[in-house]
Amino acid sequence: MDSTSPPRWLSVVGLGEDGWDGLSPAARAVVERAAFLIGGARHLSLVPAVAGQERAVWPSPLTDAFPSLLARRGQRVCVLASGDPSWYGIGATLSRIVPAAETMVLPAASAFSLAAARLGWPVQDSVCLTVHGRPLELVVPHLQPNARLLVLSWDGTTPAKLAALLRARGFGASRLTALEAMGGPREARTEATASEWTVERVADLNTVAVECVAAPGARILPRAPGLPDDWFEHDGQITKREIRAVTLSFLGPRRGETLWDVGAGSGSIGIEWMLADPANRAVAVEHREERVARILSNAAAFGVPGLEIARGKAPGALSGLAPPDAVFIGGGVTNEGVLEACWDALKPGGRLVANAVTLESEAVLFDAHKRLGGALSQIAVARAAPVGGFRGWRPLMPVTLWRVDKP
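Under the working numbering, read the sequence shown as residues 5 to 411, first letter to last.
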């Protein structure tokens, strides 16, 4: 470092189950020289005591320790963590509050790498997930034929719960391997298909490997937008499949963006927005409580339980929400102030899409198009349906779509 660089006062050291014996000389030196050492009780027990060194166990919640940790800037502070601290670990959390130039991270092998090594799987061909402190349903979008998943567990009951989820989704033939305490003297593994899994609990420190096998008729989420309407719980207030696919193409989801789904109904647009990328966020704005319940149920079923709800009518319900990168107005466009509030809140470069099926809502879109520009489209969809002993085309109501980019 040159003289203008801030000192790297914070070190984050990853530990394996072999503890002190598995650390490199450089990592040992960092731990021994630290004036303040903090970690989980298990981590602290794995390294020898150092005379004069102050030690602390993480509080609950862990974030309560951050103010005092930051107050030690300039001292030699060392954080102990499991495996690779930057992969779903404390290193990733601390990177959001401490500049990289002030931090040194010394990782050990991650649980993903260890599991892949035990199974002979290429890590780059596996999907690496965590349900530690997160809903188990996050696994659902990744249940694809022949996929290989590596899942960090919440506790010892996770493998059994995951097996039950796989059975319910038509993936009962999938093979699960629960790998416990990898790299240490207590290492163990349990293997069975989801259908045959009977072990209620394994060691809390475990990683589950899943080789996905789909049964005929299993519900597999496609990668393209436009999921079947009957996969959603709804009361008829849903953007139909064909229109939804086009609407999502107009919205153009990009990684890490936030969508407002105004007049969400079943939540289908927000759900498919989040399915486009795990880093995407969506807020469903809905005032009817029975629809809110359906939205939450649908979000869990499709593996995006993080879908947020803003209860109430727009524009009032929009107050206080984080500014969106994109807005979809599927209902309420004729309500006074809704379109204006959405447009004002939209980030520069963001996209707004509004759909209309009535003449009154069309009139609002035509007026907005005159003022703000953008593009107008109309889509008419007909579906084959029985007509006596034959079949014919039964048209759905045509939908007018307006898309505009904010300068």
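Even glycine gets a Cβ: it sits at the ideal position worked out from N, Cα and C.
- Taking C-beta atoms under 8 angstroms as the contact rule, Trp24 and Val81 fail to qualify, at a distance of about 19 angstroms.
- With respect to the C-alpha of Gly56, the residue from Arg37, Thr67, Ser64 and Phe70 having the closest C-alpha is Arg37.
- Under the three-state reduction of DSSP, Val144 is assigned to helix.
- In the same chain as Pro402, and ignoring 5 residues on each side of it, the C-beta atoms closer than 7 angstroms to its own belong to Gln382, Ile383 and Ala384, in chain order.
- The bridge partners DSSP lists for Phe40 are Glu58 and Val81.
- Under the three-state reduction of DSSP output, Cys216 falls in the coil class, being neither helix nor strand.
- Within the same chain, Cβ atoms closer than 6 angstroms to the Cβ of Val361 are found at Met401 and Val403, the five residues on either side in sequence being excluded.
- When only Cα atoms are considered, Val102 and Ala30 end up about 22 angstroms apart.
- When the Cα atoms are used, Asn302 and Glu58 turn out to be separated by approximately 49 angstroms.
- Here Pro390 carries a strand assignment [DSSP, helix/strand/coil].
- Taking C-beta atoms as the reference points, Val331 and Ala372 fail to come closer than 9 angstroms.
- Note: Ile383 is bridge-paired with Val403 in the DSSP secondary-structure output.
- Assignment of alpha helix (DSSP H) within the segment 288-348, counting only whole runs of 4 or more residues, yields 293-305 in chain order.
- A check of alpha carbon separations from Thr262 across Ser199, Pro229, Ala326 and Ala213 identifies Ala326 as the nearest.
- Taking the Cα positions, His238 is about 16 angstroms away from Val266.
- Distance from the Cα of Ala280 is smallest, within the candidate group Arg152, Arg227, Glu204 and Val34, for Arg227.
- In the three-state reduction of the DSSP assignment, Leu133 falls in the strand class.
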